[in-house]
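Residue numbers (our numbering), protein chains in the order written: chain L, 1 to 263; chain Y, 264 to 609. Glycine residues also receive a C-beta, built at the ideal position from the N, C-alpha and C atoms. Keep in mind that this is a model prediction, so the values were computed, not measured. To start, the structure under review is shown below, and the notes come after it.
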Amino acid sequence: MVALATAFKPAATGASLEVKDVSHAFDIDGNVLPVLDNVSISVAPGEFVALLGPSGCGKSTLLRLVAGLEPPRAGALEEDGVAITGPYPSRVVVFQDPTLFPWRTVWDNVALGLEAQGVLKTQRHRVDAAIDLVGLGAFKKAYPHQLSGGMAQRVALARALVNDPRILVLDEPLGKLDSLTRITMQAELVSLWQRNGFTALLVTHDVEEALFLANRVIVFSDRPARVTADITVDRPYPRHRGDPHLAELRRQILGLLGLDATW
Amino acid sequence: MPTYSASEIASLGGDRETALIAGDGGLHFVNKLRFSITGIGAGLAWLAFGLSCMRWPDIGDWPRTEAVAYTAFAIAGGIAIATTAQAALGKFGDGVQRRAPWLFALGAFLTLWELATAKFGWLPLPFFPPPQSIVEVYTDDLPKLLDSAFASVKLQLGGYFIGAAVGFLTGVSIGWSRLAGYWVHPILRFIGPLPATAWLPIAFFTFPSAWSASTFLIALATGFPVTVLTWSGVASVSTAYYDVARTLGAKPSFLVTKVAIPAALPHVFVGLFMGLGASFAVLVVAEMIGVKAGLGFYLQWAQGWASYNNMYAALIVMSLLCSGAITLLFKVRDRLLVWQKGVVKW
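So this is what it looks like as structure tokens:
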């Protein structure tokens with residue numbers, strides 16, 4: 001793994017991200033459904049920020065705005081001080097579903113970004129390095145239907161990392177995996193983040209996952225989402241799930257979500 | 264293979280494993296015997312066909328009766344040898360063995376057919392010609408039949424490829440572009456469901472030649488299902504795929520060629536398959552009515568002479584060609600869609 005890490009040298013480091021007074025809403029059958037209410041978040045370069053909130057509160061919508069897939073109704077988003085107006089491969093999303101292209105092999109799926117940007121011919125080694133990085137070197141020629149859920153999500157991760165993203169946007173990427181695979185991949189995410197230095201923005205509804213991975217945990221209210229707390233997790237990596245400090249933070253966050261009675 | 268008598272097995276006493284192997288070996292031998300029974304049965308059926316040709320005199324004038332009989336004897340011998348020496352013949356032997364029940368059914372059917380037509384006239388002539396008269400067409404009228412088959416293939420290929428290409432491009436454009444959809448969709452709804460054969464009388468007058476008119480109609484019959492299914496395929500592509508490609512830096516041209524089209528390909532092949540069936544029908548009707556070549560024309564011409572054996576011979580050729588075309592299409596599909604699970608094998 002050490003040798004692989006040196007072969008996979010990121011060209012860029014993390015970018016800063018500014019979310020300024022962003023509000024957003026959807027039109028559903030003529031009714032306006034507000035999903036984000038005046039959200040402001042500032043993320044420093046290389047920071048790992050987790051967005052935590054009740055299911056359906058609008059966290060994923062915020063990620064779509066960060067990715068540039070949709071423009072916000074009000075407010076502005078900036079990457080390194082430059083306004084976000086559309087998708088750009090410096091901000092890559094890993095979705096809850098791996099959404100691999102079933103007609104492409106693992107290798108061709110990972111190569112997607114470089115191919116779309118027209119640089120694949122000279123950068124083929126980066127594809128191999130990214131696949132090796134997520135430990136799927138033996139599956140380069142496999143098709144997505146031959147992979148397990150965890151393997152497919154690893155391929156999706158490699159497909160994102162091959163672009164050397166400056167901001168990696170993670171939309172509950174481990175949400176559908178079994179708990180053992182999830183624990184393994186949480187540790188892998190931390191080491192990938194430490195190695196590559198990108199800024200990470202993770203949406204999750206798993207409090208432990210947020211505390212295990214992130215420098216900061218931002219807690220959202222019910223829809224329309226507002227920021228209710230911004231908690232700094234000041235613990236060194238690698239973290240331990242039994243850490244009493246993390247347990248205390250978890251109790252605090254569950255309290256914010258109105259679930260402290262259960263713990 | 265060693266064989267054991269009952270006493271020998273008994274003398275092995277409590278050694279169950281050895282007894283099991285012996286029992287298994289015995290079963291294997293019985294299996295082999297049964298397989299060769301189907302082989303011998305198939306051989307006998309073809310032998311019966313040959314004998315039925317020789318045993319009674321023909322009630323009509325068919326010069327190929329004797330040749331057919333000898334061919335049947337040769338096939339009977341071939342089947343018997345191939346199935347008995349199956350192990351030595353490898354793949355070919357296995358193939359014959361697997362098809363032995365069908366070969367038996369075919370031999371029995373030919374025997375019955377021979378008796379019912381050439382020998383006892385249970386079925387009325389000339390509507391039901393005997394096997395040897397159909398064989399006679401292949402030996403005596405081969406050049407004309409081949410010319411016709413070649414003309415049909417040429418006409419079909421031209422029309423089909425034009426129709427498939429135009430249909431595919433139209434389907435992609437209306438699936439992708441709102442403007443193209445707005446203008447093309449009503450036309451498609453108005454003209455598409457019309458059977459292409461309904462255009463025949465007009466097409467033969469407005470086009471410079473019968474050949475170009477038929478090419479147009481075959482293309483039309485192919486184009487409609489290809490357009491509709493390509494369109495529905497493109498329209499049903501999950502937006503998640505586009506989101507992924509867009510965040511990775513894909514431009515619209517990339518989204519069409521590398522996301523929409525590959526994702527729609529399974530639908531496109533259903534359209535190509537349906538278009539193939541529709542275009543066969545148009546081809547034959549066009550050849551019967553206007554084009555002075557091809558298997559449809561051959562059928563029509565044979566009917567004029569009341570030579571039903573020629574018609575059956577042409578039908579068999581036609582069936583082989585159509586089936587071959589579908590096989591080819593499915594082969595192409597299997598190659599392009601290897602990433603799909605559980606596709607129907609033709």
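Can the beta-carbon of residue i be found less than 7 Å from the beta-carbon of residue j?
i: A343 of chain Y; j: T301 of chain Y; result: no
i: G14 of chain L; j: T232 of chain L; result: no
i: A305 of chain Y; j: F390 of chain Y; result: no
i: V497 of chain Y; j: G438 of chain Y; result: yes
i: P144 of chain L; j: L177 of chain L; result: no
i: V203 of chain L; j: D230 of chain L; result: no
i: G58 of chain L; j: A225 of chain L; result: yes
i: A339 of chain Y; j: W309 of chain Y; result: yes
i: G434 of chain Y; j: T380 of chain Y; result: no
i: V227 of chain L; j: V169 of chain L; result: no
i: K382 of chain Y; j: W319 of chain Y; result: yes
i: A577 of chain Y; j: L562 of chain Y; result: yes
i: A116 of chain L; j: A503 of chain Y; result: no
i: Q153 of chain L; j: P98 of chain L; result: yes
i: L51 of chain L; j: I218 of chain L; result: yes
i: L418 of chain Y; j: S477 of chain Y; result: yes
i: S42 of chain L; j: R73 of chain L; result: no
i: V489 of chain Y; j: F453 of chain Y; result: no
Kindly say whether residue i, judged by its beta-carbon, lies nearer than 7 Å to any beta-carbon of chain Y.
i: Y143 of chain L; result: yes
i: P98 of chain L; result: no
i: G113 of chain L; result: yes
i: A15 of chain L; result: no
i: W107 of chain L; result: no
i: L69 of chain L; result: yes
i: Q116 of chain L; result: Note on identity: in this sequence residue 116 of chain L is Ala, with Gln being the wrong assignment. For A116 of chain L, the answer is yes, since a Cβ of chain Y falls inside 7 Å of its Cβ.
i: W103 of chain L; result: yes
i: A11 of chain L; result: Residue confidence for A11 of chain L is low, a pLDDT of 46 falling below 50, so the modelled location carries little weight and cannot support an answer.
i: P238 of chain L; result: no
i: V93 of chain L; result: yes
i: A5 of chain L; result: Any reading at A5 of chain L needs caution, since the residue's pLDDT is 44, under 50, leaving its predicted position unreliable; the model's value is listed next. False, the Cβ-Cβ gap to chain Y never drops below 7 Å.
i: P165 of chain L; result: no
Measuring alpha carbon to alpha carbon, tell me which of the options ends up nearest residue i.
i: G559 of chain Y; options: Y:T520, Y:V547, Y:G553; result: Y:V547
i: D37 of chain L; options: L:V93, L:L259, L:R223; result: L:R223
i: R195 of chain L; options: L:S40, L:F220, L:I28, L:G46; result: L:G46
i: T181 of chain L; options: L:L51, L:E209, L:K141, L:L257; result: L:E209
i: G86 of chain L; options: L:F95, L:R126, L:A76; result: L:A76
i: L584 of chain Y; options: Y:P464, Y:A414, Y:S570; result: Y:A414
i: W365 of chain Y; options: Y:K354, Y:I303, Y:V500, Y:Y401; result: Y:I303
i: V110 of chain L; options: Y:M537, Y:A508, Y:T328; result: Y:A508
i: W107 of chain L; options: L:Q252, L:A138, L:E78, L:Y88; result: L:A138
i: H240 of chain L; options: L:V119, L:L213, L:V217, L:A74; result: L:L213
i: S472 of chain Y; options: Y:L432, Y:A549, Y:Y401; result: Y:A549
i: I579 of chain Y; options: Y:D357, Y:F470, Y:Q603, Y:V400; result: Y:V400
i: L386 of chain Y; options: Y:R596, Y:A459, Y:I322; result: Y:I322
Using the DSSP secondary-structure output, state which residues sit across from residue i in a beta bridge.
i: S191 of chain L; result: Partner(s): none; S191 of chain L has no beta bridge.
i: I218 of chain L; result: L:L51, L:D230
i: P34 of chain L; result: L:A25
i: V39 of chain L; result: L:V22
i: L62 of chain L; result: In the DSSP output, where bridge partners are listed per residue, L62 of chain L has none listed.
i: A74 of chain L; result: L:S23
i: D171 of chain L; result: L:V203
i: R91 of chain L; result: L:I167
i: V264 of chain L; result: For residue 264 of chain L there is no data in the structure shown, the boundaries of chain L being 1 and 263.
i: A225 of chain L; result: L:L36
Closer than 7 Å, CB to CB, is residue i near chain L or not?
i: V531 of chain Y; result: no
i: I450 of chain Y; result: no
i: W439 of chain Y; result: no
i: L296 of chain Y; result: Residue confidence for L296 of chain Y is low, a pLDDT of 47 falling below 50, so the modelled location carries little weight and cannot support an answer.
i: A498 of chain Y; result: no
i: V507 of chain Y; result: yes
i: F517 of chain Y; result: yes
i: T490 of chain Y; result: no
i: G512 of chain Y; result: yes
i: A503 of chain Y; result: yes
i: A285 of chain Y; result: Low confidence applies to A285 of chain Y: its pLDDT is 48, below 50, so where it sits in the model is not reliable enough to give any reading.
At least 3 beta-carbon pairs within less than 8 Å: the region 481-492 of chain Y vs the region 64-78 of chain L:
No: the two stretches stay apart, fewer than three of their Cβ pairs being nearer than 8 Å.
Decide if the region 560-573 of chain Y is in contact with the region 378-397 of chain Y; the criterion is three or more beta carbon pairs, one per stretch, under 8 Å apart.
Yes, since at least three Cβ pairs between the region 560-573 of chain Y and the region 378-397 of chain Y fall closer than 8 Å, the two stretches touch.
Should the region 303-317 of chain Y be called in touch with the region 365-380 of chain Y, which here means at least 3 C-beta pairs below 8 Å?
A contact exists between the region 303-317 of chain Y and the region 365-380 of chain Y.
Taking one C-beta from the region 422-436 of chain Y and one from the region 535-546 of chain Y each time, how about it: are there three or more such pairs within less than 8 Å?
Here the region 422-436 of chain Y makes contact with the region 535-546 of chain Y; the two share three or more CB pairs at distances below 8 Å.
Measuring CB atoms only, is the region 182-193 of chain L touching the region 17-29 of chain L, in the sense that at least three cross pairs come out at less than 8 Å?
Fewer than three pairs of CB atoms, one per stretch, sit closer than 8 Å, so the region 182-193 of chain L makes no contact with the region 17-29 of chain L.
If contact is defined by three or more beta carbon pairs under 8 Å, each pair taking one atom from either stretch, is the region 125-138 of chain L in contact with the region 526-534 of chain Y?
Three or more beta-carbon pairs separated by less than 8 Å are not found between the region 526-534 of chain Y and the region 125-138 of chain L, which leaves the two stretches without contact.
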